[in-house]
Amino acid sequence: MAPLYYVISAVLVGFHKLFGNVFGESSGVAWVLSIIGLTLVIRIALIPLFVKQIKSSRNMQLIQPKVRELQKKYGHDRERLAQETMKLYKDSGTNPFSSCLPILLQMPIFLALFRLIDQAAKDPSHERGLMTEQLNTQFGDAIFLGAKISDTFLNTDDMGVRVLAAVLVLAMTATTFLTQRQLMSKNMPADALSGPYAQQQKMLLYVLPVVFAVGGIAFPVGVLFYWTTSNLWTMGQQFYVIRNNPAPGTPAFAAKEERVKAKAARKGITLEPEVTEAPVVTEVKAPRQQPQRQTKAQRTKKKKR
Numbered sequence: 001m002a003p004l005y006y007v008i009s010a011v012l013v014g015f016h017k018l019f020g021n022v023f024g025e026s027s028g029v030a031w032v033l034s035i036i037g038l039t040l041v042i043r044i045a046l047i048p049l050f051v052k053q054i055k056s057s058r059n060m061q062l063i064q065p066k067v068r069e070l071q072k073k074y075g076h077d078r079e080r081l082a083q084e085t086m087k088l089y090k091d092s093g094t095n096p097f098s099s100c101l102p103i104l105l106q107m108p109i110f111l112a113l114f115r116l117i118d119q120a121a122k123d124p125s126h127e128r129g130l131m132t133e134q135l136n137t138q139f140g141d142a143i144f145l146g147a148k149i150s151d152t153f154l155n156t157d158d159m160g161v162r163v164l165a166a167v168l169v170l171a172m173t174a175t176t177f178l179t180q181r182q183l184m185s186k187n188m189p190a191d192a193l194s195g196p197y198a199q200q201q202k203m204l205l206y207v208l209p210v211v212f213a214v215g216g217i218a219f220p221v222g223v224l225f226y227w228t229t230s231n232l233w234t235m236g237q238q239f240y241v242i243r244n245n246p247a248p249g250t251p252a253f254a255a256k257e258e259r260v261k262a263k264a265a266r267k268g269i270t271l272e273p274e275v276t277e278a279p280v281v282t283e284v285k286a287p288r289q290q291p292q293r294q295t296k297a298q299r300t301k302k303k304k305r
């Protein structure tokens, strides 16, 4: 974790120098804005993985009818079914694990930030990364809206701190739920809503928010700000992608077509319907029959006529 501590603390300290000059080095506002800045830097760095996640998720949706065909065909042979399914993934350029990469890569960062905040509150003299004893003291004692950044819902009796922590936990849970629901309701074809992939998505829709809600009461306020900001970024980023590049056959795709038609109508432009090329039919000629060879008697008889 040492290299990760250096990277995270470098970004955190850099933003703190910027906001500390405005709000004060010990200000809770400066440290909260520094955490938000850290979150944005991480999410910008993860954009290439998010693009892969979107492509993989779209491919998974589009190949679900083929997956169901394979299940009907090889349902009695699990080994053959697994082989054919992996072949289908390979041929379509789909990685079923790509949808988990952004959240998996964020977990070590989340853990490192959690430890930095926890250590700053418990033992400021223990330096990690670029966090000096002075910065640890400022970080651990920083107060935002009446709560220390290092406080959690469980380790305080202050009702104001608990209210703030509860609001952040609810915000984190709600953004997780709405992000997943947005994907399922707007960017999944109708025939992909009944397969195993859809069942997996439905399970995540309800399981992930519960996990975050239960775990969130033990997270410091600073970590809750990080995760809520990350969820808001994900929701906005996903909304932009679904709106501008939806998967074919989805409600989002139909909505985009309607917007394009409405925009063209306002400008007085008539959209030409898509022209489908007629299939090329190749004329099949009957094989040329060779004349039958006549006998000498037949040729003589023909001449007499």
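So the sequence shown is residues 1 to 305, counted in the UniProt record's numbering. For every residue, glycine included, the Cβ atom is placed at its ideal position computed from N, Cα and C.
Under the three-state reduction of DSSP output, Met131 falls in the strand class. Sequence-distant partners of Leu33 (beyond 5 residues in either direction) whose C-beta falls short of 6 Å from its own C-beta, in its chain, are Phe19. With contact defined as three or more Cβ pairs closer than 8 Å, the stretch 101-120 and the stretch 1-13 are in contact. Under DSSP, Ala171 takes part in no beta bridge, so it has no partner. Distance from the Cα of Leu105 is smallest, within the candidate group Val163, Tyr206, Arg43, for Arg43. For Ile143, the three-state secondary structure derived from DSSP is strand. Of the candidates Tyr206, Val161, Asp77, Leu168, Tyr206 places its Cα closest to the Cα of Phe177. With 16 or more neighbouring CB atoms inside 10 Å of its own CB, Leu116 falls in the buried class. For Thr39, the enclosing alpha helix (DSSP H) begins and ends at 28-45.
Assigned with DSSP and collapsed to three states, Lys52 falls in helix. Gln134 is classed as exposed because its beta carbon has fewer than 16 other beta carbons within 10 Å across all chains shown. For the 9 Å CB-CB criterion, Lys186 and Ala262 do not form a contact. Your pair Gln182 and Phe239 checks out as a contact, with CB atoms roughly 7 Å apart and the cut at 8 Å.
In this structure Leu88 touches Ile63 by the C-beta definition: roughly 6 Å separates them, less than 8 Å. Counted as a single uninterrupted DSSP element, the alpha helix (DSSP H) harbouring Glu79 occupies residues 78-91. Under the three-pair Cβ rule at 8 Å, the stretch 141-160 does not count as touching the stretch 74-90. Under the rule that a run must span 4 or more residues, the alpha helix (DSSP H) segments found entirely inside the stretch 212-261 read 221-244.
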